[in-house]
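Below is one structure, written out as structure tokens; the observations come after it.
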Amino acid sequence: LLEEVDQLDIAHLLVELTHGGALRLFDLDTGDLRSSVQLSEGAQIAGFDLVGRLLLAVQGRAGRLTAYDLADGQLIWERAEVHDGFLHDCGAILCLARDASIAGVDWSTGRQLWQLDGYVAVQQLDRAHLLATTSHEYDRNAAVVDAVSGRIIGHLPDWIVLAPTADANVIV
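To get my numbering, take the position in the sequence shown, counting from 1, and add 1123.
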């Protein structure tokens, strides 16, 4: 399923989710309707976001998070709503950043794979490696993390990391 979704170029799509739950994908270059599907939750959706190749929808009253395949609108997984953080694309996994920890979440199941306490920001260096940072001025610590296992494979003590670059370097 994810191989098919990877072929979808979402950079050139406009995604519309109607109040009634219709998911429509429009080609930004041509204006053509690429696909239109009816999501199972319909008007229960309180909000949505695009993360990688997924449409993450929050169901209002039930308070759960559902992930849909952006290519065909099929439900991939659902879990309790994430109240204390946000999910974003980290290559091999989804990253969940919270106030006092970061976590890795499996794209295909929504299951949390690992958690690192004390780190508050995480960015993708390449498909398999992440850069995790703390926000404490007295603890200027950054770590290189294996994306799939969550294992710290290197520390960058006393560095203030500003941003990773596209070629997996960092600006300090």
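C-beta atoms are modelled at their ideal positions from N, C-alpha and C, and glycine is treated no differently.
Checklist entry - Near L1140, what residues of its chain come up, given a Cβ to Cβ distance below 6 Å and the 5 sequence neighbours on each side ignored? => result L1146, F1171
Checklist entry - So what's A1134 in DSSP terms, helix, strand or just coil? => result helix
Checklist entry - Going by beta carbon distance, what residues of the same chain come within less than 8 Å of L1173, once the five residues before and after it are set aside? => result I1133, V1138, L1179, L1193
Item to check | Q1247, buried or exposed, once every other Cβ within 10 Å from all chains shown has been counted against 16 | outcome: buried
Item to check | Under the three-state DSSP convention, the category W1230 falls into | outcome: coil
Checklist entry - Does the beta-carbon distance from W1230 to G1175 come in below 9 Å? => result yes
Item to check | Unbroken stretches of the beta strand (DSSP E), 3 residues or longer, contained in the region 1187-1219 | outcome: 1187-1192, 1198-1203, 1208-1213
Next on the checklist: Cutting at 6 Å between CB atoms, please list the residues of its own chain near Q1235, excluding the five before and the five after it.
Outcome noted: A1226, V1228
Item to check | Backbone CA spacing between I1275 and I1199 [nearest angstrom] | outcome: 29 Å
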